[in-house]
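Student: Here the protein sequences come in this chain order: A and B.
Going by our numbering, the first sequence opens with residue 1, and the numbers climb by one from there.
Going by our numbering, the second sequence opens with residue 1, and the numbers climb by one from there.
Here you go, one structure.
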Amino acid sequence: MDDKFLTEVQALAGAIDRLDYFAILKLPQTAGVAEIKAAYHRESRAYHPDRFAALPDPLLREAIGRIYRRINEAYTVLRDDAKRRKYVADITGPDRAAKLRFTEVDEAQVKEEQKRKVEQQFGQTPNGRKFYAAALADIQAQRWESAERSLRMALMYEPANAKFKEQLAFVEKSKPKADAFKIR
Amino acid sequence: MSDDIAVGIDLGTSYSAVAVVQDGAPQVIPNEWGERTHASVVSFLDDGTVLVGNNAKKNIITNAENTVYSAKRLIGRFYFSDEVKKAQAVMPYQILEGPNNAVRVQVRDKVFAVPEISALVLKEMKAIAETHLGREVKQAVVTCPAYFNDNQRQATKDAGRIAGLGVLRIINEPTAAALAYGFGKDIRQKICVYDLGGGTFDVSILEIGKDVFEVLSTAGDTYLGGDDFDDRIMAWLADDFLKRHGLDLRQNKYCLQMLKEAGERAKIEVGRDGTAQILVSGICQSPEGQVLDLKQKLDADQFNRMVMDLVQRTFKVCDEALQSARMTAGDIDAVILVGGPTRLPIVRQSVRHYFQKDPMVGIDPDEVVALGASIQASALLNRDAAVAGQASYLLDVTPLTLRVGTVGGYAEPIIDKNTPIPIEKSKTFTTSRDGQDRVKIRVYQGESKRAEQCELLGEFEFGGFRLGYRGEVQIQVTFEIDSNGIVNVSAADLETGQKTSTTISLSSGLSETDLQAAIDKNAELALAGH
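Put into structure tokens, the structure is as follows:
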């Protein structure tokens with residue numbers, strides 16, 4: 001164990017609150033899933049507390065522990081697509097300094113976002129879901145008129161649902177143009 | 001000291017084993033009679049000494065009230081839990097309620113906490129190692145099921161301390177098994193460890209890279225094991241006996257023990273030979289004074305039908321683990337079998353069918369965990385590793401979601417399951433009353449949103465922060481899960497950074513004074529046969 005490594009570890013442990021997760025794993029922000037995993041394994045080989053478990057210096061072990069917990073934290077956030085997207089947006093934004101760690105608030109926001117997406121996908125009110133499902137079946141069967149009616153009903157319950165609006169636009173576009181004034 | 005030594009101990013529900021790395025090779029340590037696994041049974045003899053191991057197992061019948069077995073099923077549990085209720089119904093020894101809903105075991109006139117019983121098993125393992133190695137052993141790595149919660153891990157660690165062992169680490173049984181198999185140094189592969197023990201079932205999915213064993217996910221059932229297979233045979237035997245003679249063998253704890261032993265033997269026999277002859281002569285007496293024998297024949301088909309649903313339950317757990325790791329059974333490169341019950345052909349066939357792959361059986365499934373633990377023990381003592389690096393690093397995960405209790409009986413997640421450990425996470429709490437001087441939080445582990453359906457780890461009370469109007473004082477609570485999977489909680493005032501005092505107001509574990517008393521009590525108890 002040379003002194004150079006010791007000072008390096010102490011410096012890293014001291015500076016860790018100023019590093020973002022990419023810097024901790026020594027990765028560019030563009031890194032892919034496989035690179036993140038490889039980096040995690042590489043940093044684990046370097047800073048795993050077991051490697052230093054037999055050393056008598058408690059200060060060093062404490063510093064290593066701090067670094068390694070942060071490595072795990074970085075890995076948990078970056079390996080999760082939704083969390084990573086939010087994190088990248090945070091650290092490239094104006095509040096970078098305050099956003100270097102992914103907090104419980106961020107976590108809650110990501111969960112909220114995911115929940116909203118699912119709801120958009122399927123509707124968030126029981127009636128909205130019912131009409132939307134009916135509309136999807138109609139679209140499948142190319143019953144455009146019926147699909148349009150169902151979607152309009154669904155939108156009555158959830159006027160803000162973007163997915164419903166999108167489907168309605170699609171139906172209106174695909175439905176055969178009828179002559180409005182023609183009397184059958 | 002270069003001559004430090006540490007052993008690896010597999011503290012099992014029904015059997016335990018101890019191993020050590022010597023000259024770079026891990027090996028299981030046999031006792032003086034050459035036995036390599038030892039029943040986790042503790043029998044308190046008339047002369048005040050304690051008998052542990054396979055000889056103690058014989059006393060389950062002859063000295064039933066004073067012989068404690070399957071203590072691992074009780075360790076770290078609350079008195080009101082289902083497992084304890086179930087144990088009370090079938091165990092011949094006395095299970096009592098201790099302070100803070102803890103479980104106590106009474107043998108003769110002495111009352112023991114469950115970790116104290118496990119400590120006696122560990123003490124026996126320590127003695128076996130010391131006899132074999134001819135030197136004192138003070139340190140060990142002890143294994144526990146991957147799906148153990150914090151209470152159970154803490155209790156296992158306490159057991160080590162009571163036995164006079166420095167517990168270097170608590171590691172998960174499936175992870176230890178993977179370590180024992182070693183695997184190619186530079187080959188990336190994904191493996192599944194299928195660990196069906198005496199009382200618990202665990203599955204871990206690992207990805208093995210260069211020098212690292214990364215656990216991707218773990219799942220388990222702490223109420224499913226080989227004992228449940230025995231129970232099925234017992235129930236069948238007892239029902240059959242009831243029909244024939246009109247006597248229920250389950251009503252008498254003595255008969256029940258004979259029945260249990262017969263069940264276990266039949267299971268092993270049917271697994272080995274495909275058929276089992278069950279004969280227990282003189283199991284009970286009819287009201288007319290006639291001595292009755294229990295005689296039956298069990299064949300493989302019949303046995304398989306009895307336990308098929310139990311085997312199927314293990315694959316539900318496998319599904320869950322694979323799903324957490326975002327994989328399917330086809331992505332797995334190798335399957336490792338751990339635990340005695342995996343010797344049963346029904347289990348092997350089902351595993352082969354599920355993974356579409358022949359499981360690996362190179363190492364004895366009863367010994368593999370102890371071997372892995374010994375490898376980890378020697379790695380933790382290796383001082384050269386700091387420079388040269390280690391042969392393998394374990395990157396393990398927490399099996400259960402850590403939660404804090406919120407209003408309305410809910411528990412909100414803090415650290416998700418399958419998060420790599422060690423890790424820390426903070427959460428900010430604010431005061432809800434003017435001049436509030438303490439904040440209380442309850443910490444849970446489990447997968448339910450309802451607090452009552454999760455395991456309560458403890459109640460923490462923070463005090464000694466500055467006073468202010470409600471909502472003004474913010475307390476940042478840091479939850480840390482260490483490499484043992486044990487949870488630590490600390491708190492600080494968010495604004496000033498001042499650490500607050502923390503008191504644990506509710507916990508299932510032993511207090512420091514209890515622990516000291518237990519250590520002294522343990523030291524007084526002599527092991528028989530040494």
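Note that the Cβ used here is the ideal one computed from N, Cα and C, for glycine as well.
Note that the structure is a prediction, hence the values are computed from the model and not measured.
So the candidates are B/Glu97, B/Ile60, B/Asn59, B/Ala64; which of them puts its Cα closest to the Cα of B/Leu74?
Tutor: Considering only alpha carbons, the answer is B/Glu97.
Student: Within 8 Å (strictly less), CB to CB, does B/Tyr393 reach chain A?
Tutor: B/Tyr393 counts as touching chain A.
Student: Between B/Glu455, B/Asn304, B/Tyr69, B/Thr500, which has its C-alpha nearest B/Gly463's C-alpha?
Tutor: When only C-alpha atoms are compared, the closest one is B/Thr500.
Student: Using a Cβ-Cβ cut-off of 6 Å (strictly less than) and excluding sequence neighbours within five positions of B/Leu216, which residues of its own chain qualify?
Tutor: For B/Leu216, where only same-chain residues beyond five positions count, the Cβ hits under 6 Å are Ile205, Glu207, Ala325.
Student: When burial is assigned at 16 or more other CB atoms within 10 Å of the CB, is B/Asp301 buried or exposed?
Tutor: Label assigned to B/Asp301: exposed.
Student: How would you label A/Lys4, buried or exposed, when you count the other beta carbons within 10 angstroms and need 16 or more for buried?
Tutor: By the 10 Å Cβ count, A/Lys4 comes out exposed.
Student: When the Cβ atoms of the segment 352-361 of chain B are set against those of the segment 386-404 of chain B, are three or more pairs found closer than 8 Å?
Tutor: With a cut-off of 8 Å, the segment 386-404 of chain B and the segment 352-361 of chain B do not count as touching, because too few Cβ pairs lie within range.
Student: Ignore the nearest five residues each way along the sequence and tell me which others in B/Phe465's own chain have a CB closer than 7 Å to its CB.
Tutor: Within the same chain, B/Phe465 has close Cβ partners Val473, Ile475, Asp493, Gln498, Thr500.
Student: Would you please verify whether the beta carbon of A/Tyr21 is less than 8 Å from any beta carbon of chain B?
Tutor: It does not; no Cβ of chain B falls within 8 Å.
Student: Where does A/Thr213 sit, in a helix, a strand or coil, going by DSSP?
Tutor: Past the boundaries of the shown model lies residue 213 of chain A; chain A is included only from 1 to 184, so the question cannot be answered.
Student: Using a Cβ cut-off of 8 Å (strictly closer), state whether A/Arg69 contacts chain B.
Tutor: Output row for A/Arg69: interface = yes.
Student: Run through chain B and tell me which residues come within less than 7 Å of A/Phe52, C-beta to C-beta.
Tutor: Result: Ala386.
Student: Could you tell me whether the segment 53-62 of chain B touches the segment 408-423 of chain B, where touching means 3 or more Cβ pairs closer than 8 Å?
Tutor: At 8 Å Cβ cutoff, the stretches do not touch.
Student: Which value, in whole angstroms, describes the spacing of the CA atoms of B/Val404 and B/Gly362?
Tutor: So the two alpha carbons sit approximately 43 Å from each other.
Student: With burial defined as no fewer than 16 other Cβ atoms inside 10 Å of the residue's Cβ, what is the status of B/Arg450: buried or exposed?
Tutor: Flag for B/Arg450 reads exposed.
Student: Examine chain A for any beta-carbon lying closer than 8 Å to the beta-carbon of B/Lys86, and answer yes or no.
Tutor: No, B/Lys86 lies away from the interface with chain A (no Cβ there is under 8 Å from its Cβ).
Student: List the DSSP bridge partners of B/His38.
Tutor: DSSP, once it has assigned bridges, lists B/Ser16 as partnering B/His38.
Student: Which one of B/Gln390, B/Thr419, B/Thr430, B/Asp384 has the shortest CA to CA distance from B/Thr406?
Tutor: Of B/Gln390, B/Thr419, B/Thr430, B/Asp384, the residue nearest in Cα terms is B/Thr430.
Student: Let me see if you follow: with CB-CB separation under 8 Å, is B/Pro174 close to chain A or not?
Tutor: Answer no: the Cβ-Cβ gap between B/Pro174 and chain A never drops below 8 Å.
Student: Since B/Asn172 sits in a beta bridge, which residues does DSSP pair it with?
Tutor: B/Cys144, per the DSSP bridge assignment.
Student: Within 10 angstroms of the Cβ of B/Gln376, are there 16 or more other Cβ atoms? Answer buried if so, exposed if not.
Tutor: Classification for B/Gln376: buried.
Student: Cα-Cα, which of A/Arg42, A/Asp20, A/Tyr47, A/Ala34 is closest to A/Glu8?
Tutor: Comparing Cα-Cα distances from A/Glu8 to each of A/Arg42, A/Asp20, A/Tyr47, A/Ala34, the minimum goes to A/Tyr47.
Student: Beta carbon of A/Asp44, beta carbon of B/Val212: below 8 Å?
Tutor: Sequence inspection shows Ser at residue 44 of chain A; the Asp mentioned does not correspond to that position. In this structure, B/Val212 lies closer than 8 Å to A/Ser44 by Cβ.
Student: Can you tell me whether B/Gly274 is buried or exposed, with buried defined as 16 or more other CB within 10 angstroms of its CB?
Tutor: Classification for B/Gly274: exposed.
Student: Across the segment 144-161 of chain A and the segment 117-136 of chain A, are there enough close Cβ pairs to call them in contact, namely three or more that are closer than 8 Å?
Tutor: Touching, yes, given that three or more Cβ pairs across the two stretches are closer than 8 Å.
Student: For the segment 157-164 of chain B against the segment 117-131 of chain B, are there 3 or more C-beta pairs whose distance is under 8 Å?
Tutor: They touch, by the three-pair rule.
Student: Are B/Gly271 and B/Asp227 touching if we call contact CB-CB under 8 Å?
Tutor: No, Cβ-Cβ distance for B/Gly271 and B/Asp227 is not below 8 Å.
Student: Looking at C-alpha atoms only, which residue of B/Thr156, B/Leu247, B/Asp23, B/Asp231 is the closest neighbour of B/Met306?
Tutor: Measuring from the Cα of B/Met306, the nearest candidate turns out to be B/Asp231.
Student: Assuming B/Gly220 is part of the beta strand (DSSP E), what are its boundary residues?
Tutor: Looking at the DSSP string, the run of the beta strand (DSSP E) that includes B/Gly220 is 212-221.
Student: Using 8 Å as the Cβ pair cut-off and three pairs as the minimum, do the segment 451-460 of chain B and the segment 129-148 of chain A touch?
Tutor: No, they do not touch.
Student: Show which residues of chain B have a CB atom less than 7 Å away from the CB atom of A/Phe14.
Tutor: The displayed chain sequence assigns Gly, not Phe, to residue 14 of chain A. Within chain B, no residue comes near A/Gly14; the closest Cβ sits about 16 Å away, beyond 7 Å.
Student: If distances are taken between C-alpha atoms only, which option among B/Asp240, B/Asp299, B/Cys192 comes closest to B/Leu322?
Tutor: Nearest option by C-alpha distance: B/Cys192.
Student: Between which residues of its own chain and B/Leu344 is the CB-CB distance below 7 Å, once the five residues before and five after are set aside?
Tutor: Excluding sequence neighbours, B/Leu344 sits near Gly271.
Student: Could you check how far apart the C-beta atoms of B/Leu525 and B/Val50 are, in whole angstroms? I think they sit under 8 Å.
Tutor: Contact flag correct, Cβ pair sits at about 5 Å.
Student: What number of angstroms, rounded off, separates the C-alpha of B/Gly330 from the C-alpha of B/Lys190?
Tutor: Near 10 Å, if we compare the C-alpha coordinates of B/Lys190 and B/Gly330.
Student: In whole angstroms, what is the alpha-carbon distance linking B/Thr62 and B/Arg108?
Tutor: In a straight line, the C-alpha of B/Thr62 is about 15 Å away from that of B/Arg108.
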